[in-house]
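>
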Amino acid sequence: MRHIFGFSIRGFSTKRLDGWAKSVQKSGKSVFVKVDDGRTNSLIQLVASKEIANKVKVGSAIRAVGSLEKSLGSQQETEFVASELRVVGQDENARYDDLSADNLRKKTHLRARNVQFAAFLRLRSTIFRETHEFFMSRDFIHIDTPKLTRNDCEGGGEVFDVVTTSSEALNGSEGVKEDPIYLSVSSQLHLEALVSRLQRVYTLGPAFRAEKQQSHAHLSEFHMLEAEVAFVETIDEMCELVESYVQHMFSLLDSPKFQTELKIVGSEPTSPVPTNSKFSRITYDDAVKLLTSKGSKVTAKSGLSKKNELDLVKYHNNLPVFVTHYPTNQKPFYMARTKDETSTLSFDLLVPGVGELAGGSVREPDAEKLKSRGCGIEWYLDTRRRGQPPTAGFGIGFERLLQYMLGIQNIKDTLAFPRWYRHCQC
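If you count the sequence shown from 1, position 167 lands on 167 in full-length UniProt numbering, and the numbers rise without skipping.
(1) At the level of alpha carbons, what is the spacing between Gln90 and Gln199?
(2) Residue ranges of each alpha helix (DSSP H) run of no fewer than 4 residues wholly in the segment 108-163, ordered along the chain?
(3) Where DSSP assigns a beta bridge to Lys70, which residues make up the other side?
(4) Would you give the residue range spanned by the beta strand (DSSP E) that Arg200 belongs to?
(5) Could you tell me which whole alpha helix (DSSP H) segments of length 4 or greater appear in the segment 371-425?
(6) In whole angstroms, give me the CA-to-CA distance for Val56 and Ala112.
(7) Comparing alpha-carbon positions, which option in Trp379, Glu356, Gln45, Ile411 lies nearest Glu192?
(8) Hey, how far is the Cα of Leu345 from the Cα of Asn329?
(9) Check Tyr182 in the structure and name its three-state DSSP category.
(10) Use the C-beta contact count for Ile408: other C-beta atoms within 10 angstroms, 16 or more gives buried, fewer gives exposed.
(11) Assuming Val323 and Leu350 are in contact, meaning their beta carbons sit under 8 Å apart, how far apart are those beta carbons, in whole angstroms?
(12) Taking the alpha-carbon of Thr283 as reference, which of Thr299, Met249, His325 has the nearest alpha-carbon?
(13) Assuming Gln116 contacts Ile264 (C-beta within less than 8 Å), just tell me the rounded distance between them.
(14) Would you check if there are 3 or more beta carbon pairs closer than 8 Å linking the segment 364-372 to the segment 200-212?
(15) Give every residue of the same chain whose Cβ lies closer than 6 Å to the Cβ of Glu268, excluding the five residues on either side of it in the sequence, and list them in chain order.
(16) Quick one, which of Glu261, Thr108, Leu262 has its alpha-carbon nearest Leu415's?
(17) Give every residue of the same chain whose Cβ lies closer than 8 Å to the Cβ of residue 440, excluding the five residues on either side of it in the sequence, and list them in chain order.
(18) Please classify His325: does DSSP put it in a helix, a strand, or coil?
(19) Only counting the same chain, and skipping five residues up and downstream in sequence, which positions put a Cβ closer than 6 Å to that of Met238?
(20) For Pro146, count neighbouring Cβ atoms within 10 angstroms of its own Cβ and tell me buried if that reaches 16, exposed if not.
(21) For Arg122 and Lys34, what's the separation of their Cα atoms in angstroms?
(22) For Glu228, tell me which candidate among Glu130, Val298, Val201, Ile52 has the shortest Cα-Cα distance.
(23) Hey, Gln76 and Gln45 are a contact pair by Cβ (cut 8 Å); roughly how many whole angstroms apart?
(24) Where Pro320 and Gln247 are concerned, what is the direct C-alpha to C-alpha distance, given to the nearest angstrom?
(25) How many angstroms separate the CA atom of Phe134 from the CA atom of Arg400?
(26) Our contact map puts Val163 next to Tyr182 with C-beta atoms below 8 Å; I'd like the distance itself, whole angstroms only.
(27) Look at the alpha carbon of Asp311 and the alpha carbon of Gly353, and state the distance between them as a whole number of angstroms.
(28) Three-state secondary structure (DSSP) at Arg197?
(29) How far does the beta strand (DSSP E) with Leu225 in it reach, from first residue to last?
(30) With distances taken between CB atoms, is the gap from Gly374 to Phe333 smaller than 8 Å?
Written out as structure tokens, the structure reads:
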């Protein structure tokens with residue numbers, strides 16, 4: 001059992017068990033404690049004498065020294081027989097009457113005490129690890145991109161300004177106010193710079209968006225999986241990579257290490273994902289035609305609404321669907337365009353329950369065209385003048401992926417300490 005530590009004292013094999021008491025029963029001269037070590041979903045039975053375990057209560061954090069022996073009971077094969085036991089922490093409210101889903105969003109410091117949420121956090125960690133393994137096994141190089149930047153990648157203005165109380169920092173060393181610094185919305189531009197020589201790069205890290213939203217679908221701090229690939233001139237390769245990643249993640253849900261945690265969490269995917277067939281693809285113009293034929297309204301300026309996205313998924317048998325070639329007036333400056341300049345070489349992946357899960361494009365290779373579209377980021381323009389090949393990339397909201405995979409309705413329940421508009425308690 002990997003959660004019990006072994007060591008040797010004067011030739012005798014001794015083990016140590018650390019964890020929390022989930023239940024405590026006294027019988028005769030013995031105390032039986034079900035111990036949760038927090039690493040797995042299984043409990044360990046600890047047996048100790050009343051002399052050393054008299055202070056153990058439900059919720060106590062304990063450290064015990066003893067041996068792992070064959071159990072005399074029928075409910076477990078082995079049990080930990082303690083020769084030494086210390087209570088190293090007590091819980092004032094071990095029954096956790098206040099751990100409803102809504103209260104947990106307000107008392108995030110207690111979230112790990114909830115059995116279902118603890119199982120979810122272990123699942124999240126596993127999906128995080130599997131994501132890294134997926135990309136590294138395909139020769140992608142992981143990049144730690146900066147979170148402080150002077151660039152507003154999306155150009156939407158929904159960025160957090162970094163503010164300091166230092167007068168010198170605010171006004172500059174010569175009394176001249178310096179250019180603003182933001183928290184990063186996306187790592188894309190920095191990944192583009194590195195892909196000019198590393199060819200296949202990715203990152204999985206925090207991003208920030210200053211949206212004044214408190215809905216179940218918005219966060220101010222979230223995690224983005226972003227990838228860039230060199231020598232790509234069409235969106236097909238990127239669509240195939242996104243498709244392969246999503247299918248791989250869903251295939252893992254049937255593995256034993258996922259199933260045990262999923263049963264505790266009590267959730268399941270919003271809808272199944274076909275792992276052996278291609279996702280449907282439809283151009284933006286055809287998507288608008290389909291929606292309007294069904295009576296839905298689509299505005300030319302703002303594009304597809306969340307309802308439009310979910311309707312498109314519904315019209316494709318409630319399965320993932322790529323929408324490609326969005327109009328140029330709906331997408332940022334860095335996206336390459338069709339020859340007639342009316343559409344971008346772009347795509348979004350729409351999925352049930354979430355809407356947009358992924359977005360990507362071929363990147364504009366011409367520095368002069370980027371300048372004509374208002375790009376004034378000189379170092380970014382310089383990459384185009386320094387032998388950069390055609391590139392393409394995409395981004396996936398990690399918390400949205402978790403919603404989709406695990407059927408989680410509220411995005412605030414997809415990470416331990418959610419941050420949203422006017423909410424940052426701890």
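For every residue, glycine included, the Cβ atom is placed at its ideal position computed from N, Cα and C. Please read these numbers as outputs of a predicted model, since none were measured by experiment.
On the basis of the coordinates in this document:
(1) So the alpha carbons of these two residues sit roughly 53 Å apart.
(2) Runs found: 115-136.
(3) In the DSSP assignment, the residues bridged to Lys70 are Thr78.
(4) Boundaries of the beta strand (DSSP E) harbouring Arg200: 200-208, taken from the DSSP string.
(5) Runs of the alpha helix (DSSP H) spanning 4 or more residues and lying entirely within the segment 371-425 occur at 378-384, 398-406, in chain order.
(6) Each residue's alpha carbon lies about 21 Å from the other.
(7) Ranking Trp379, Glu356, Gln45, Ile411 by Cα distance to Glu192 puts Trp379 first.
(8) Whole-angstrom Cα-Cα distance: 13 Å.
(9) DSSP, reduced to helix, strand and coil, places Tyr182 within a strand of the structure shown.
(10) A buried status is given to Ile408, since no fewer than 16 other beta-carbon atoms sit within 10 Å of its beta-carbon.
(11) Their Cβ separation, rounded to whole angstroms, is 6 Å, which keeps Val323 and Leu350 in contact under 8 Å.
(12) The shortest Cα separation from Thr283 among Thr299, Met249, His325 belongs to His325.
(13) Cβ-Cβ separation between Gln116 and Ile264: approximately 6 Å, consistent with a contact (criterion under 8 Å).
(14) Short answer: they don't touch.
(15) Gly407, listed in sequence order.
(16) With distances taken between CA atoms, Leu415 lies nearest to Thr108 out of Glu261, Thr108, Leu262.
(17) Residue numbering for the chain in the displayed model covers 1 to 426; residue 440 lies beyond these limits and cannot be assessed.
(18) DSSP places His325 in coil when its eight states are reduced to three.
(19) Once the five neighbours on either side are set aside, the close Cβ partners of Met238 are Gly360, Ala392, Phe394.
(20) So Pro146 counts as exposed.
(21) Note on geometry: alpha-carbon atoms of Arg122 and Lys34 lie some 20 Å from one another.
(22) Considering only alpha carbons, the answer is Val201.
(23) By a beta-carbon distance limit of 8 Å, Gln76 contacts Gln45. Their separation comes to about 5 Å.
(24) Answer to the nearest angstrom: the Cα atoms are 10 Å apart.
(25) C-alpha of Phe134 to C-alpha of Arg400: approximately 18 Å in a straight line.
(26) With 8 Å as the limit, Val163 and Tyr182 do not qualify as a contact, their Cβ atoms being about 11 Å apart.
(27) In this structure, the straight-line span from the alpha carbon of Asp311 to that of Gly353 is close to 10 Å.
(28) In this structure, Arg197 counts as helix in the three-state DSSP scheme.
(29) Start and end: 221-230.
(30) Yes; because the gap between Cβ atoms is below 8 Å, this pair is in contact.
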